[in-house]
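Take 117 as the starting number for the sequence shown in the numbering used here and just add one per residue. Don't be surprised by glycine CBs; every beta carbon is placed ideally from N, CA and C. The structure presented is a predicted model; accordingly, all values stated were derived computationally and were not measured.
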Amino acid sequence: MVLVASAVCAQTPGAVARVEAGLRPAVQIAGEPEARWSIQERLAHHKVAAVSVAVISGGKVEWAKAYGVIDATTGVAANPDTLFQAASISKPVSAIAALRMVAAGQLSLDEDVNVRLLSSKVPPHSFGKPVTLRGLLSHTAGTTVHGFPGYAADAPVATAVQVLAGEKPANTAKVIVDIEPGSTWRYSGGGYTVMQVLMSDVAKKPFAAILRESVLDRLEMTRSTFEQPLPESLHTNAARAHGRDGKPIAGRWHTYPEQAAAALWTTPTDLAKVLLAMQRAHAGEAKLLPTGLTREMLTAVKGDYGLGWGLRGTGENLAFSHGGANAGFRCFAFAYAGKGKGAVVMTNSDSGDALASEILRSIAAEYGWPDYKVETRTPLSLSAERLSAYAGEYQAPMGIVAVSVHGKGIRIEMGGRNFDFQPESDTKFFPVTDGAPSLVFSRDADGKITGFAGGNLKASRKE
C-alpha cells in the first residue's frame, strides 16, 4: 500500500489522476506496446520510500501531492509539508541571495572575490585572471571539488572555512584553482562554498540567516531552512534518507556545512515559490530581483549554464532548472521563464532520479510542455550471438563494469546500478534507461571489441 497526501485544487483532479497514471520512459521502442506506469508502481520498482510533487500551471501552484513514507522503518506517511534535502538546488537559491547583494551594492559580479573575502582566500594560482562571483555562480571560475558527501550523524562536522582549506575534519580536498578562470565550464560545489564564505564575510551574518532574510522569508517559504544540522524542531516531518536498496541511511541523514551548495531543506511547494518568483522577476516584477539581473541570471555564460541555473530552449521556450543529489535524496526543479509552467519533484532515495524523470515526462505530457517528450527509436536488430560479443568485464576508472546481453540489447552494471541499451549500429548503442549516455564500442584490427566510451566514462575490456 502506498500512502498519499495532497493539496489539490478542486478543478484539477482529472489532471492529477492522469499524471499519476502516466509515468513514461525516456525512450519508447518502435513497435512495442506504449509503456505507462503509475507512481505507486514506480515507487516500488525504484525502491523509493517517498516522492513529493508540486506542479505550476497558470502562474501558480496548481497542485501538490506526496506519496509513500518518510521512513521505511516507521511507515509514517509523507505529506506536502514534509521536508526533503534539496541538495544542489540549494545553489540557484543561494545565487539569488548573492545577486540581491549585487543589486544592493554589497558585492560585484566581476571583482576579484579575494578583495572582500576575510575568513579565507582563494589560493594563489598562475593563470593571471581573478576568481569572480560571476565565475563562481556559473561554474567557470576554475575552482575544484565537484560535490560533497556530507557528514554522517556521528561524525565531526567541518566548518565552511575548513572545507575550503581541506583541513580536518573536512572530508573533501582543498578548494583550489587548477584551470584558467573563465576558460571553461566545470561544475564546482567548492566554488559555491567560496561564495558562501564571501557572503557571510561581507554581510557579517551566518549564511543561513542571510538566506532566511533575503529569500526564504521574502517568498514566505515557511517550510524551508538552510540551517545545518537541521533544527530538532523540524525533525518530526522531515524525510529520512534511503539508499538504492530502499533501506534507511544510518543517523537519518547527512549534515552539509557547505550550505550554499547543498544545505537547503524544503518542500516542493516552497521551491515552487522560487520558480514562480523567478518567472515574475523575468516578466518585470522586481520583488525578488531586478529584471535585468534576473535575465542575466537566465543567460548562458558557458554551455547551457547561467548564474546558478541550468538552461535549455530559447525565446518563449526558455526554461531554467536544477537537480539535486545528496546522500539519500534526489530531486529536480524545472520551470519556463515565460510560460507560468513548471514542477518540482523531491525524493528521499538514492534511486529517486529516474522516478523524478518519469514523473516530469508525465507532467509534461499532461500540461503540454515542449520538453520531456518521449523519444521513439527503432533499434538495429542484432542476433543474440552478435550481442554476446559485447558481453564481458571492462575496466573503468571507478572499477569493474559488467556488460551482459539483456533482451534485444545489452545491460551495463556499474556502481550497483543497471543501465539498459539498444543497438543503433554495430558499434553504437543508445540508452533506454534514464541518466545514461550513448555508448560507442571500439574494435581492434581483427574486429574484437576492446572497450567503450560514453559521456565521461571510458572502459577497456579485461582479458
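Item: For the structure I just gave you, are there three or more beta carbon pairs, one from the region 194-206 and one from the region 447-455, closer than 8 Å?; Value: yes
Item: Rounded to a whole number of angstroms, what is the C-alpha to C-alpha distance between Phe537 and Gly431?; Value: 34 Å
Item: Given this structure, state the Cα-to-Cα distance separating Arg469 from Ala160, to the nearest angstrom.; Value: The residue you asked about is not Arg; residue 469 is Asp in the sequence shown. Their Cα atoms are separated by approximately 14 Å.
Item: Apply the 10 Å Cβ neighbour rule to Asp386 and answer buried if 16 or more other Cβ atoms are within range, or exposed otherwise.; Value: buried
Item: Closest to Glu501 by C-alpha separation, out of Glu491, Lys524, Gly359 and Thr492, would be which residue?; Value: Lys524
Item: Count the other CB atoms, across all protein chains shown, that sit within 10 Å of the CB of Ala133; report buried if there are 16 or more and exposed otherwise.; Value: exposed
Item: What does the alpha-carbon distance come out to for the pair Ile526 and Thr275?; Value: 45 Å
Item: Quickly, what does DSSP pair Val519 with across the bridge? List them, please.; Value: Gly508 and Ile528
Item: Can you say whether Ile516 is buried or exposed, counting buried as having 16 or more other CB atoms within 10 angstroms of its CB?; Value: exposed
Item: Give the straight-line distance between the Cα atoms of Thr383 and Ala180, rounded to the nearest whole angstrom.; Value: 10 Å
Item: Please state whether the Cβ-Cβ distance between Ala214 and Val185 is less than 7 Å.; Value: no
Item: Could you give the DSSP three-state label for Tyr372: helix, strand or coil?; Value: coil
Item: Quick check on the burial criterion: 16 or more other C-beta atoms within 10 angstroms. Buried or exposed for Asp562?; Value: exposed
Item: Measure the Cβ-Cβ separation of Ala416 and Leu427 and say whether it is below 7 Å.; Value: yes
Item: Would DSSP call Met117 helix, strand or coil?; Value: Model confidence at Met117 stands at a pLDDT of 48, short of 50, so the residue's coordinates are unreliable; what they give is reported in the following sentence. Coil at Met117, not helix or strand.
Item: Val169 to Ala505, Cα distance in whole Å?; Value: 43 Å
Item: Kindly indicate which three-state DSSP category Ser499 falls into: helix, strand or coil?; Value: coil
Item: Leaving aside the five residues before and after Thr189 along the sequence, list all residues of the same chain whose C-beta is less than 7 Å from its C-beta, in chain order.; Value: Pro364
Item: Hey, quick one: how far does the beta strand (DSSP E) through Glu157 stretch, first residue to last?; Value: Segment Ile155 to His162 is the alpha helix (DSSP H) holding Glu157; no beta strand (DSSP E) there.
Item: By how many angstroms is the C-alpha of Gly440 removed from the C-alpha of His255?; Value: 16 Å
Item: Note the first and the last residue of the continuous alpha helix (DSSP H) segment covering Ala180.; Value: Counting along the chain, Ala180 falls outside any alpha helix (DSSP H), though it belongs to the beta strand (DSSP E) covering Lys176 to Gly184.
Item: Give a yes or no on whether the C-beta atoms belonging to Leu392 and Ala453 are separated by under 7 Å.; Value: no
Item: Measure the Cβ-Cβ separation of Pro208 and Gly424 and say whether it is below 7 Å.; Value: yes
Item: Report, in whole angstroms, the separation of the C-beta atoms of Thr371 and Tyr483, which I expect to be a contact under 8 Å.; Value: With a Cβ gap of about 37 Å, Thr371 and Tyr483 do not count as contacting.
Item: Nearest-angstrom Cα distance between Met117 and Phe545?; Value: Here the model assigns Met117 a pLDDT of 48, short of 50, so the residue's position is not dependable and the matter cannot be decided.
Item: If Leu249 sits next to Ser224, beta carbons under 8 Å apart, how far is it from one beta carbon to the other, in whole angstroms?; Value: 7 Å
Item: At a cut of 8 Å, does the region 295-309 reach the region 373-382 through at least three beta carbon pairs?; Value: yes
Item: Decide if Thr84 is buried, meaning its Cβ has at least 16 other Cβ atoms within 10 Å, or exposed.; Value: The shown model of the chain, from 117 to 579, leaves out residue 84, and the question about it has no answer.
Item: Since Asp536 is in the beta strand (DSSP E), which residue starts that stretch and which ends it?; Value: Arg533 to Pro539
Item: Ordered along the chain, which non-local residues of its own chain (more than five positions away) have a Cβ less than 7 Å from that of Arg158?; Value: Leu139, Leu471 and Glu474
Item: Going by DSSP, name the residue or residues bridged to Thr259.; Value: Val293
Item: Which residue's Cα is closest to the Cα of Ile528: Asp542, Phe557 and Ser541?; Value: Phe557
Item: Could you check the C-alpha separation between Arg328 and Pro486 for me, to the nearest Å?; Value: 34 Å
Item: Candidates Glu336, Gln395, Ala518 and Ile172: which alpha carbon is nearest Phe535's?; Value: Ala518
Item: So the alpha helix (DSSP H) Gln312 belongs to, where does it begin and stop?; Value: Gly305 to Ala319
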